[in-house]
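Input: a single structure, listed below in structure tokens.
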Amino acid sequence: MASRVASRHLRIGLIPGDGIGREVIPAGRRLLESLPKSLGLEFSFVDLEAGWGTFQRTGAALPDKTVDVLKAECNGALFGAVSSPTTKVAGYSSPIVALRKRLSLYANVRPVKSVDPANPVDLVIVRENTEDLYVKEETTRVDANGKKVAEAIKRISETASENIGRIALELALSRQKLREANPGSSHHNSAKLTITHKSNVLSQTDGLFRETVRGVAQDPKYASITVEEQIVDSMVYKMFLQPSQYDVVVAPNLYGDILSDGAAALVGSLGVVPSANVGDGFAIGEPCHGSAPDIEGKGISNPIATLRSVAVMLEFLGEAEAAGVVHKAVEASLREGRVLTPDLGGKNTTEEVTMDVLRRL
Numbered sequence: 069m070a071s072r073v074a075s076r077h078l079r080i081g082l083i084p085g086d087g088i089g090r091e092v093i094p095a096g097r098r099l100l101e102s103l104p105k106s107l108g109l110e111f112s113f114v115d116l117e118a119g120w121g122t123f124q125r126t127g128a129a130l131p132d133k134t135v136d137v138l139k140a141e142c143n144g145a146l147f148g149a150v151s152s153p154t155t156k157v158a159g160y161s162s163p164i165v166a167l168r169k170r171l172s173l174y175a176n177v178r179p180v181k182s183v184d185p186a187n188p189v190d191l192v193i194v195r196e197n198t199e200d201l202y203v204k205e206e207t208t209r210v211d212a213n214g215k216k217v218a219e220a221i222k223r224i225s226e227t228a229s230e231n232i233g234r235i236a237l238e239l240a241l242s243r244q245k246l247r248e249a250n251p252g253s254s255h256h257n258s259a260k261l262t263i264t265h266k267s268n269v270l271s272q273t274d275g276l277f278r279e280t281v282r283g284v285a286q287d288p289k290y291a292s293i294t295v296e297e298q299i300v301d302s303m304v305y306k307m308f309l310q311p312s313q314y315d316v317v318v319a320p321n322l323y324g325d326i327l328s329d330g331a332a333a334l335v336g337s338l339g340v341v342p343s344a345n346v347g348d349g350f351a352i353g354e355p356c357h358g359s360a361p362d363i364e365g366k367g368i369s370n371p372i373a374t375l376r377s378v379a380v381m382l383e384f385l386g387e388a389e390a391a392g393v394v395h396k397a398v399e400a401s402l403r404e405g406r407v408l409t410p411d412l413g414g415k416n417t418t419e420e421v422t423m424d425v426l427r428r429l
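What the sequence shown shows, in my numbering, is residues 69 to 429, in sequence order.
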């Protein structure tokens, strides 16, 4: 069959950030450039800056130019990793948190999937991205005894909870459609949403989150989705004990952050877990691992999380077919298990793993 003429051009911002981000984001670009022409996609790229290194050079962890170019020129982006100081540094704040806010990327979507049939894990954690304790409104005062007391605002809004509930429910529907179109691709037979909260203690904030997401789920279009709830502490226990029971999990910002990093242990390494920061009409693919200064420059960083993040970004840019091609190539490489970086027990390099996936496209 002849390849069709490219019908869509996508401009992608590339933000390597710090550490191994500078090693894995180029692999993401090569993947996009290597997609089959029959998909009808063309890509162009723009290199952008953000991160601790950028802050040290310029005094800004997220330069205004980066945000302006993303807004004016780009359809999506890939973000590598960021190194953050462990103590307070005047003027510095996390660039990825700021980027989520400035681009209204209200959802962080983290799929976790195994390729081992003896360990059936196929879940997605949908984390609200814009509020909760991450509004970073903190104060420190001195009490009557002369001791410091630190306080932080936990903000939960109906609007943000509606947004995250809706995207989680839509994702549950789309995942089920893909399963029906590809029998055997997952152990799940039907769509399920698990609302994670701590409303038994935080009745106002988490209570509002729980009630709002349940309200969105009342829409008849979501009637095929089973909706359940799980208190966050028991959720951690059950997710590790019975991960196969979960399909789509939705949570406020802090719980989602903890659950999504913890879920990486279910598949062996943060190096294989992707994510996307998603808003209305824009998505940033972001591997879940950090900047990993201990292996920086050694050429052994795992590119799989970045390659999968490319796929998740493409899904939210409306290119499900291209995303499927990427997912199949990555899963085939992992299932064969012959070309692996050290974090997965192998001896291969970033370049060798990248090439093994690209040849499967």
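Glycine included, C-beta positions come from ideal geometry on N, C-alpha and C.
- The residue among Ser253, Ser369 and Val346 with its C-alpha nearest the C-alpha of Asn176 is Val346.
- With a cutoff of 8 Å on beta-carbon distance, Tyr174 and Ala228 are scored as near each other.
- Beta-bridge partners of Val317 (DSSP): Ile193 and Thr262.
- In terms of CA proximity to Glu404, Val421 leads the group Val421, Asp411 and His77.
- Burial state of Leu239 is buried, judged by a 10 Å Cβ sphere holding 16 or more other Cβ atoms.
- Its chain contains Ile83, Gly85, Ala129, Leu130, Pro131, Thr134, Phe147, Val150, Pro163, Ile164 and Leu167 as the residues whose beta carbon lies nearer than 8 Å to that of Ala118, once the 5 sequence neighbours on both sides are disregarded; these appear in chain order.
- Between Val340 and Val194, the C-beta spacing is not below 8 Å.
- For Ala145, DSSP records a beta bridge to Gly81 and Ile352.
- For Ala332, the closest C-alpha among the options Asn197, Ile235, Asp190 and Val157 is that of Asp190.
- Excluding five sequence positions before and after Tyr160, the CB atoms of its chain that fall closer than 7 Å to its own CB belong to Phe123, Ala129 and Pro153, given in chain order.
- Looking at the backbone, the Cα of Glu248 and that of Ala388 are separated by about 15 Å.
- Three or more beta-carbon pairs separated by less than 8 Å link the region 312-329 to the region 261-275, which places the two stretches in contact.
- By the CB criterion at 8 Å, Gly81 and Cys142 fall inside the cutoff.
- Per the coordinates, the alpha-carbon of Ser106 lies some 46 Å from the alpha-carbon of Arg223.
- Inclusion of Ser369 and Ala344 in the CB contact set at 8 Å is not warranted, their separation being larger than that value.
- When DSSP states are grouped into helix, strand and coil, Pro131 belongs to the coil group.
- Inter-residue distance for Asn250 and Glu205 is about 46 Å (C-alpha atoms, whole angstroms).
- Secondary structure of Ile299 (DSSP, three-state): strand.
- The continuous alpha helix (DSSP H) containing Ala388 extends over residues Ala388 to Glu404.
- Taken in chain order, the complete beta strand (DSSP E) segments of 3 residues or longer contained in the region 215-261 are 216-220.
- Judged by DSSP secondary structure, Glu91 falls within the alpha helix (DSSP H) whose first and last residues are Gly89 to Ser102.
- DSSP places Gly159 outside both helix and strand once states are collapsed to three, so it counts as coil.
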